[in-house]
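Residue numbers (my numbering), protein chains in the order written: chain A, 39 to 155; chain B, 975 to 1091. First comes the structure, then the notes that go with it.
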Amino acid sequence: AQKITQTQPGMFVQEKEAVTLDCTYDTSDPSYGLFWYKQPSSGEMIFLIYQGSYDQQNATEGRYSLNFQKARKSANLVISASQLGDSAMYFCAMRDAPGGGGNKLTFGTGTQLKVEL
Amino acid sequence: GAVVSQHPSWVICKSGTSVKIECRSLDFQATTMFWYRQFPKQSLMLMATSNEGSKATYEQGVEKDKFLINHASLTLSTLTVTSAHPEDSSFYICSARGPGLGWDEQFFGPGTRLTVL
């Protein structure tokens, strides 16, 4: 069974600083995908970044980068130059292998990030 | 990106009544839709996966007779909470994927907040 673990229920960061949100995963599938989503208080799920298990390089999307360490089964999200608007809940998720599973996502418990002045 | 809508965005109902929530893909054909439930300050839990034209596949512990899912067209899936009770109060989010999109891509609706009195 797949499992996603986010050990930081809450994080604080000062504006303009970088912050790392931790995510570890467990799966027996050789093919999988890892996602990070941002959920502001309005509730919508905003896709941030994706890393495939066979991708050789770490994914980057603007201020977001994913520190993918396959051997350690970790996929930490790094947000650079934090902004007040980054304050939200952040979820790490894993997609199971394609095919019969239908690409189900398993979510971690989330990390509440608060950006301070 | 592809757009998914949900209606209503919030609903309050009396205990014992049934509530229908719609999930629509606005600019793509959603061959697969997913329904999630999120209790306050908790993660998203997958309830069921529905493929257009076939019966939904429910996750373990989810009562299929209580949470009726219909995916009759390529742009619409509905979740009906039958005989709702206060413990069904939650945030319900759908997501959708389809051909022509990256096979890893899953687009989320804005969610429906259900309160059962």
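Backbone N, C-alpha and C define an ideal beta-carbon position, used for all residues, glycine too. The structure presented is a predicted model; accordingly, all values stated were derived computationally and were not measured.
Whole-Å CB distance - residue i paired with residue j, under 8 Å assumed
i	j	result
R110 of chain A	F73 of chain A	So it is not a contact: roughly 18 Å between Cβ atoms.
T147 of chain A	G48 of chain A	At roughly 11 Å, the Cβ-Cβ gap does not stay under 8 Å, so T147 of chain A and G48 of chain A are not in contact.
T1056 of chain B	K1038 of chain B	Not quite, the Cβ-Cβ distance comes to about 10 Å (not below 8 Å), so this is no contact.
S125 of chain A	K152 of chain A	5 Å
Distance between residue j and residue i (C-alpha atoms, nearest Å)
i	j	result
M1019 of chain B	F145 of chain A	7 Å
A113 of chain A	F1065 of chain B	27 Å
G139 of chain A	L122 of chain A	The predicted position of G139 of chain A is uncertain, since its pLDDT is 49 and thus under 50; a value taken from the coordinates is nonetheless stated next. Roughly 38 Å separates the two Cα atoms.
I42 of chain A	L115 of chain A	14 Å
F85 of chain A	Q77 of chain A	9 Å
Q1180 of chain B	R1011 of chain B	Outside the shown range of chain B (975 to 1091) lies residue 1180 of chain B, about which nothing can therefore be said.
G1083 of chain B	G81 of chain A	10 Å
F1081 of chain B	K1029 of chain B	21 Å
F1013 of chain B	S1063 of chain B	8 Å
H981 of chain B	A1058 of chain B	17 Å
K54 of chain A	T1031 of chain B	45 Å
S1047 of chain B	E1026 of chain B	6 Å
Y70 of chain A	K988 of chain B	42 Å
Beta carbon proximity, residue i to chain A, threshold 8 Å
i	result
I1043 of chain B	no
G1085 of chain B	yes
R1071 of chain B	yes
T1023 of chain B	yes
F1065 of chain B	yes
S1017 of chain B	yes
L1000 of chain B	no
L1053 of chain B	no
L1048 of chain B	no
L1020 of chain B	yes
Residue-chain proximity (residue i, chain B), Cβ-Cβ < 8 Å
i	result
F50 of chain A	no
K152 of chain A	no
E82 of chain A	yes
F106 of chain A	no
T147 of chain A	yes
Cross-chain neighbours of residue i in chain C, by beta carbon under 7 Å
i	result
Q1080 of chain B	Considering every chain present, this structure includes no chain C. Its protein chains are A and B.
Distance CB(residue i)-CB(residue j) smaller than 8 Å
i	j	result
G1085 of chain B	F1002 of chain B	no
K994 of chain B	T1049 of chain B	no
C130 of chain A	Q44 of chain A	yes
V1090 of chain B	P1060 of chain B	yes
For the region 62-69 of chain A against the region 992-1011 of chain B, do three or more pairs of beta-carbon atoms, one drawn from each stretch, fall closer than 8 Å, so that the two count as touching?
Touching, no.
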